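Heads up, the sequence shown is in full-length UniProt numbering, so the first residue is 1 and it goes up one at a time.
In what follows, a single structure is set out as structure tokens and then discussed.
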Amino acid sequence: MASSNFGPNSGFQSGVNNGNIQCVFESNSKSRDERTKEFLRLLNTCPYADRKDRNNRRVPGTCEWFTAHPKFKNWQQSKSHDLSGLLWVSADPGCGKSVLTKYLVDEVLLSNKKQTVCYFFFKDDFPDQRNATNALSAILRQLFMARPELLSDALLDKLKTEGEELIKSFYELWYMLLSVSAQTTAGEVICVLDALDECQDWGQLIEAVNKFYQESYTNRKLKFLMTSRPYPHIERLFRKLEANLPTIHLSGDGEEEVQQISREIGRVIRKRVSDLGEQRSLEEDECNFLEQQLTAVGNRTYLWISLTLDVLENMPGFTKGNIRRAIQHLPTTLDSAYERILDRSMNKKKARILLHLITAAVRPFSLEELSLAWAIYINRDDMALTTIIDDVESKERFRETLRDLCGLFVVIIYENVYLLHQTAKEFLVRSNKSTMNQNISQATGWKYALIPEDSNRILAHICISWVSLITTAQRDIERGDFDKYSSCHWITHYHQAGVQDGDPLIMHAKSISNPSSDVYSVWSKLYAAEGNFVPGGASELLIASWLGLTGLVKLLLARGKVDIESKDAIYGQTSLFCAAKNGCKAVGKLLFGTGKVDINSKDTKHRQTPLSWAAKEGHEAVVKLLLATGKADVDSRRNSLSLAAKNGHEAVVKLLLCTGKVNADSTGTESGRTPLSWAAENGHEAVVKLLLATGKVDVNFTIFGLESTAFSFNGTVLKLLIATQKGKEDDKSIRAVNGLTPLALAAFNGHEAVVKLLLATGKVDVNSKDIEYGVTPLALAALDGREAVVKLLLATGKVDINSKNTESGRTPLSWAAENGHEVVVKLLLATGKVDVNSKDTEYGMTPLALAALNGHEAVVKLLLATGKVDVNSKDTEYGMTPLALAALNGHEAVVKLLLATGKVEVDSKDPKYGVTPLALAALDGHEAVVKLLLATEKVDINSKDIESGRTPLSWAAENGHEAVVKLLLATGKVDVNSKDIEYGMTPLALAALNGHEAVVKLLLATGKVDVNS
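Shown next, in the form of structure tokens:
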């Protein structure tokens, strides 16, 4: 049998390979397991499980008032058809919300066959744990690991075409979560999100959840439990959803709840006092006295108790008298507890410096890093490497130093140093918020003692000093990753240090930014090694402009003799380009002040101007500055408006439109696309509104000769490659597309709000087809499971629901069925107008066949329920029925559904090879499917295929499927000595040839095989 293609990315072949006879249905690309591992690896953006476990376990007997709360019980038991599927838990600092959340995840909301619990703990001290995109990545990873069947081939194909950009997009991940959680096999999906107030883009997440609950999704099985502090701005966003959103306050609502919480806090006090009593050999009356004193304090929180008892446990001279005196002066508030801890420092001046370093660090320092940073600081007046090395303490010693200087205010977890609690940072660090809430001048002691600018100045000096010493540093210093940290983050600390003219830091930074220096050479290599761009062949002025070092730029310009228009060797960009690209308005002003800059100079790589770069990056202030000159070319070939629209920079789009000089429908970019096309594709609703409001855009503009967005068909899978401005513009493998409208682009990407806006114009062609493949907006939305968009398009009453694309002849129903989009299939079937037996022109497969092939049980169930599908329809390529396709891939649930109809031809043979469903299942070792087929008693167990004359037993024996061989032999009806017509080999011969000992034993045990055959 010659090798042939069947279905997407596959081949069915039979033949002799080095003496081994094989029949396989194999993938022509990476195995599914490899692709799945790659997907899960990309979703693993941070160690979410380890960071959950940083939180303490609850004391037995606590958190029970919460789990018994009517609102929690109602949420837990709800079916999430309405707002009862969302619960907001608000808590003041120190009330134990993270301990509660950990308890819920670990012990209460356990995953089982009916529900999957996914979680994410936002943490302010980790950059990778304070953004919503990483939270969605973690949730999806947990969901796919718990229910692998949800990770469909369509999603794996999407990753292949879109690459890592897919994982970086909040909206792509959000739509993915909505899509997979809507599948029947997903069961109930519970998302637990802790400390929402520590998420930097919390608004985006709450808006997405709000939108989810406002839409009338037909199959909602997604529930959320979110915790945060009761900040008004967070509450306002939640209240937009509904005024009476289910909310539980951990401080208690009403006297009864307050008493319940008080009793649970009392349990914590008893447990901690009991532990302290054992540790310090306290007498019973002393323990009772201590418990009474702690219980008597009003408004106590879990954190206050922990701090107070930690102070007592670590008190020197632990005598009964000291205990009594300490109890009489217990701190009554969290602030006073923090003051008490820091006042016990053995050296307050040193403690203050260490706390500057810990609070300003971009990420938590390890013990080695902090020890080195401390050694650099104390030698700041004599930066001799040997002296610094002599002052670097070992991990063990530095641990003790930290304890002596900062006490319980810092904790060490996995060798990294953290503040005890988020409230510790809020207590210590002065911020705009704290200055608004309290009179700083009245603050005394440690509260608001650290000014962020001072902290960053200290760290900037340390980092720059270390980078300057790296060239001569000994390799045996235990410095952890401080080389990388200093190289990457000295710039961050410099910018946050409030550097003014004449500041010594300016000259300090000059040592790094001079391209002719050894320090620059070492630093640039380290910086680039961490994935950062470094201009090549650049001048000192250009480097200073690129880094945004305003003071240094001013200094260099004042000295004169600088070439302002010099360009870097890689992109051909000037100092003004660098300032515009990175949003450095102050540097731009200085350069303009020379009167020597060419404002419309184009770089050699992309042919962009400073204005187009600033517009692309969304630097509103720089765009204003450039436009104010009156000299900027606002409609250059690399269109600034298109670049701003593509990236959703609403303010910049507004500025450009207000000039009155830009063409709102310009196709000036190399890709020939309009600003509306870019904005629609990327879902930028506000930008689309602005463009439509001009009244000058063509809503049906179609893309011709497009270089950056392409469709290509591979077997039965449609792939949309969104490669725009992702470094793929020159990818010659990307095929051009003719005829994609803004509506089509928005529909495919699931941008519901944009689709609404476009439909509201009343001018869009809802059935527009691209010229090359003939796909409509409805087909694109159905393909990717965009439920809300499909609803909108169907609601127009104008879409051709059975429109077939020209390449493969697929209808929207076919696309949705193949990719398992159950809700979309429901919507299409509900119209009563779809052709459920429509066959594609590529393989002659119906929606039922496509769903069966891919194992989409819920979709198969929906199609069968119509009572209109032809369950025995055969594809035109191989003549296989839906049952044969499901059997081939081992989809037991689908096989069950098809058999239950009582209408399927159980023993149908394809006309090309004459293989039955039983043979296909036996071939690949699908034991459960073989069992189901045998149970019908309608299969010919000795049926032979046309070409090789193999029986099901032959296939199973050759491939070593012991369990299947057992099942077939157990019928007592198999011909154990059947010979194939191709090579005259029996099942025993095939098993022996391939070394399948267990199968050989089974066959011999029958006592019927001819061993000499």
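Ideal Cβ positions, reconstructed from N, Cα and C, are used throughout, including at glycine.
The structure displayed is predicted, hence computed values, not measured ones.
For residue i, which beta-bridge partners are listed by DSSP?
i: SER366; result: ASN416
i: TYR48; result: Answer is none; TYR48 lacks a bridge partner.
i: THR227; result: VAL89
i: VAL189; result: THR116, LEU222
i: LEU450; result: VAL429
Mind checking which residues open and close the alpha helix (DSSP H) that includes residue i?
i: THR386; result: 385-391
i: HIS356; result: 348-360
i: ASP335; result: 334-343
i: THR308; result: 302-313
i: GLN214; result: 202-214
i: GLU64; result: 64-67
i: GLU962; result: 962-970
i: PHE533; result: No alpha helix (DSSP H) holds PHE533; DSSP gives it neither H nor E.
i: GLY551; result: 550-559
Roughly how many whole angstroms lie between the Cα atoms of residue i and residue j?
i: ALA460; j: TYR119; result: 36 Å
i: PRO777; j: HIS493; result: 48 Å
i: LEU1004; j: THR916; result: 26 Å
i: LYS944; j: GLY984; result: 13 Å
i: GLY867; j: LEU899; result: 14 Å
i: ILE512; j: PRO504; result: 14 Å
i: THR594; j: LEU757; result: 46 Å
i: ALA497; j: GLU172; result: 37 Å
i: ALA781; j: VAL417; result: 48 Å
i: LEU862; j: PHE533; result: 52 Å
i: ALA760; j: TYR843; result: 38 Å
i: ARG950; j: LEU850; result: 27 Å
i: ARG130; j: LYS97; result: 17 Å
i: SER808; j: LEU1002; result: 46 Å
i: LYS938; j: ASP907; result: 7 Å
i: ILE570; j: LEU643; result: 22 Å
i: LYS763; j: ARG147; result: 43 Å
What is the DSSP secondary structure of residue i, reduced to helix, strand or coil?
i: residue 1020; result: Examination of residue 1020 is not possible in this model, given that the chain is present from 1 through 1013 alone.
i: TYR119; result: strand
i: LEU1003; result: helix
i: LYS860; result: What sits at residue 860 in the sequence shown is Val, not Lys. Note: VAL860 maps to helix in three-state DSSP.
i: LEU222; result: strand
i: LEU282; result: coil
i: VAL411; result: strand
i: LEU740; result: strand
i: TYR520; result: helix
i: SER465; result: helix
i: THR694; result: coil
i: SER394; result: coil
i: MET985; result: coil
i: LYS909; result: coil
i: GLU565; result: coil
i: ASP106; result: helix
i: TYR878; result: coil
i: TYR773; result: coil
i: ASP157; result: helix
i: ASN74; result: helix
i: ARG380; result: coil
On the DSSP letters alone, give me the boundaries of the beta strand (DSSP E) that residue i sits inside.
i: TYR87; result: For clarity, residue 87 is Leu in the given sequence; the question names Tyr instead. Note, LEU87: beta strand (DSSP E), 86-90.
i: VAL587; result: Here VAL587 belongs to no beta strand (DSSP E); instead the alpha helix (DSSP H) covers 585-593.
So, under 8 Å CB-CB, residue i and residue j are touching, yes? Tell me the CB distance rounded to an integer number of Å.
i: LEU897; j: VAL860; result: 5 Å
i: ILE464; j: HIS356; result: So it is not a contact: roughly 16 Å between Cβ atoms.
i: ASP635; j: SER601; result: Not a contact, Cβ separation roughly 16 Å.
i: ALA615; j: LEU656; result: 7 Å
i: VAL622; j: GLY583; result: 6 Å
i: ASP335; j: PHE427; result: 6 Å
i: TRP65; j: LEU225; result: Rounded, the Cβ-Cβ distance is 16 Å, inconsistent with contact.
i: SER575; j: SER545; result: 4 Å
Quick check: is the beta carbon of residue i nearer than 8 Å to any beta carbon in chain B?
i: LEU166; result: Chain labels in this structure do not include chain B; a single protein chain is all it has.
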